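Numbered according to our numbering, the sequence shown spans residues 11 to 405.
For glycine and all other residues, C-beta sits at the position ideal for the given N, C-alpha and C.
Being a predicted model, the structure only gives us computed values, none of them experimental.
Contents: one structure, followed by commentary.
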Amino acid sequence: MSRTASLVSIEDLRQLARRRTPRPFWGYLESGSFEQLTLAANRRDLDVLTLRPRVLADIGPRDLRTTVLGQPCRLPVAVAPIGLSGLIRADGEIHAARAAEAEGVPYTLSTVSTCSMEEVRAAVQQPFWFQLYMMRDRDVVRSLMERAHAVGCTALMVTVDLAVQAPRLPDERHGMTLRPRLLNLPNVLDFIRKPGWAWRFLNTPRRNFGNLVDYAPHGKALQQVSAWVADQLDPTLGWADLDWIRAQWPGHLIVKGIMDAGDARRAVQAGADAIVVSNHGGRQLDGAPSSIAVLPSIVQALAGDAEVWFDSGVRSGTDVLKALALGARTALLGRAVLYGLAALGEPGVRHALGLIRRELDVSMALCGLSQLDQINASALWSAPDVTPCPIPRRQ
Ligand SMILES: Cc1cc2nc3c(=O)[nH]c(=O)nc-3n(C[C@H](O)[C@H](O)[C@H](O)COP(=O)(O)O)c2cc1C
């Protein structure tokens with residue numbers, strides 16, 4: 011029996027991942043900010059959406075292929091940017107990027123990855139997307155964009171919801187903060203109890219901020235680079251900075267972390283080709299609505315002027331179908347693929363994507379749909395508890 015045969019859901023992968031991941035990194039992966047209300051809302055609001063079963067609809071073979079920003083994808087999903095994936099699984103970004111490529115879906119590399127963009131590029135055939143955090147030092151930002159262009163990244167995904175980082179309380183308890191304090195007794199004992207994780211981690215050279223280590227002025231140790239990264243978060247970020255990025259970056263521009271229709275319109279005015287409706291997986295503003303509750307208002311506000319993508323809370327292909335029914339073109343997968351990565355590395359990410367594919371395929375079929383372009387709001391039965399917030403239009 012193959013290693014994945016008994017792992018029949020993302021939740022199965024999650025359970026295995028939990029057993030195999032040391033507690034500071036499990037907390038980092040799993041937590042939301044503060045009271046985790048928004049983290050919970052993301053799941054709750056997807057769960058209460060119900061689908062409309064349709065029968066005798068000649069569903070034949072289903073076609074799950076799509077394009078995003080003109081790029082062909084075998085599924086309407088992409089892998090979301092995840093910082094420090096290499097702490098969750100050694101060389102995590104390389105494993106995840108290879109798995110995404112094998113499954114025919116786009117991969118997004120985080121600014122704060124452990125493997126550098128050059129290392130990831132050397133490990134895959136196709137270019138990936140690069141996610142950019144704006145940093146105080148604009149020369150660093152310019153250099154990151156130049157490097158991303160040089161390795162062939164076709165799209166830049168600028169994350170705009172992290173001008174200030176919200177605390178995740180388990181991370182603070184475990185010392186997994188921007189100024190890490192990881193080598194305390196409970197953590198070290200836990201590393202020893204996870205020998206597979208520890209062996210892999212000790213046998214990779216990639217244990218730092220791969221994209222950023224060479225810019226850090228006060229030393230290359232993880233502590234020192236982390237402290238520099240923390241100081242680089244820029245709370246003065248404004249729309250002019252997005253205009254500046256647009257002027258520098260020649261490829262597609264995606265703006266991630268939009269939860270307000272006025273902000274969505276402004277991002278499109280700044281030249282965004284796509285926006286990602288996202289509350290950062292419940293890791294930033296605690297008390298914000300779920301992404302799925304906000305999605306329809308943003309789809310409506312943009313009226314087709316840019317692609318609208320969705321993330322936060324997706325754990326199944328059925329969730330992907332719900333997001334598409336509410337107008338998203340594609341869904342980014344964060345923790346759903348991270349569970350696969352933490353559990354089994356590259357085969358785990360492939361397995362997670364395979365599970366999502368199967369669930370989407372079956373759910374579409376039972377809704378009487380065989381093509382993605384047939385999906386619209388009529389695939390939903392009703393959504394009594396998910397009413398998009400009235401969002402005031404800004405001038
Ligand atoms: C462990 C972890 C690290 C993340 N790192 C980043 C990052 O470096 N850049 C970014 O734009 N978003 C980051 N995110 C947010 C994801 O890109 C995505 O928006 C979120 O995970 C979606 O929610 P989900 O995990 O419920 O699918 C991170 C999320 C997690 C769970």
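Could you name the residues of the same chain whose beta carbon sits closer than 7 Å to that of residue i, not counting the 5 residues immediately before and after it, in chain order?
i      : result
Ala240 : Leu188 and Arg189
Pro34  : His184, Gly185, Met186, Leu192 and Asn197
Trp391 : Thr60, Leu61 and Arg62
Gly281 : Arg256 and Leu263
Asp244 : Met144, Met145, Arg146 and Ala173
Ala389 : Leu61, Arg62, Leu331, Ala335, Cys377 and Leu379
What I want to know is whether the C-beta of residue i ends up closer than 8 Å to one or more non-hydrogen atoms of ligand 1.
i      : result
Met144 : no
Gln46  : no
Pro91  : yes
Leu172 : yes
Val278 : no
Ala346 : yes
Val287 : no
Val239 : no
Lys266 : yes
Val122 : yes
Ser322 : yes
Leu39  : yes
Thr169 : yes
Asn221 : no
Gly350 : no
Gln141 : yes
Leu79  : no
Arg75  : no
His290 : yes
With a threshold of 8 Å on Cβ separation, who are the neighbours of residue i within its own chain once the five nearest residues in sequence on each side are excluded?
i      : result
Ala237 : Leu188, Arg189 and His228
Thr118 : Ala88, Val89, Ala90, Pro91, Phe138, Trp139, Phe140, Gln141, Met167 and Leu342
Gly162 : Arg131 and Pro137
His159 : Trp259, Pro260 and Gly261
Answer with buried or exposed for residue i, where buried requires no fewer than 16 other C-beta atoms within 10 angstroms of its C-beta.
i      : result
Glu156 : exposed
Ile294 : Looking at the sequence provided, one finds Gln at residue 294 rather than Ile. When all chains shown are included, Gln294 counts as buried.
Gln242 : buried
Leu23  : buried
Trp36  : buried
Asn289 : buried
Pro116 : buried
Gly248 : exposed
Arg339 : buried
Asn194 : exposed
Val170 : buried
Beta-carbon within less than 6 Å of residue i's beta-carbon, same chain only, minus the 5 sequence neighbours each way: which residues are those?
i      : result
Gly292 : Gly42, Thr48, Leu49 and Asn52
Gln381 : Asp73
Leu97  : Phe35
The stretch 295 to 303 / the stretch 198 to 218 touching (three or more Cβ pairs under 8 Å): Three or more Cβ pairs closer than 8 Å define a contact, and the stretch 295 to 303 falls short of that threshold against the stretch 198 to 218.
Touch test, the stretch 124 to 134 against the stretch 95 to 102, Cβ-Cβ under 8 Å, three pairs minimum: Flag = yes, the stretch 124 to 134 and the stretch 95 to 102 touch.
Segment contact flag, the stretch 109 to 123 with the stretch 347 to 367, C-beta cutoff 8 Å, min 3 pairs: Here the stretch 109 to 123 lies against the stretch 347 to 367, with 3 or more beta-carbon pairs under 8 Å apart.
Cβ pair count under 8 Å reaching 3, the stretch 204 to 218 against the stretch 246 to 260: Segments in contact, no.
Stretch-stretch touch, CB-based, cutoff 8 Å, three pairs: the stretch 175 to 183 with the stretch 144 to 154: With contact defined as three or more Cβ pairs closer than 8 Å, the stretch 175 to 183 and the stretch 144 to 154 are not in contact.
At least three beta-carbon pairs within less than 8 Å, the stretch 306 to 316 to the stretch 343 to 352: Verdict: no, contact absent.
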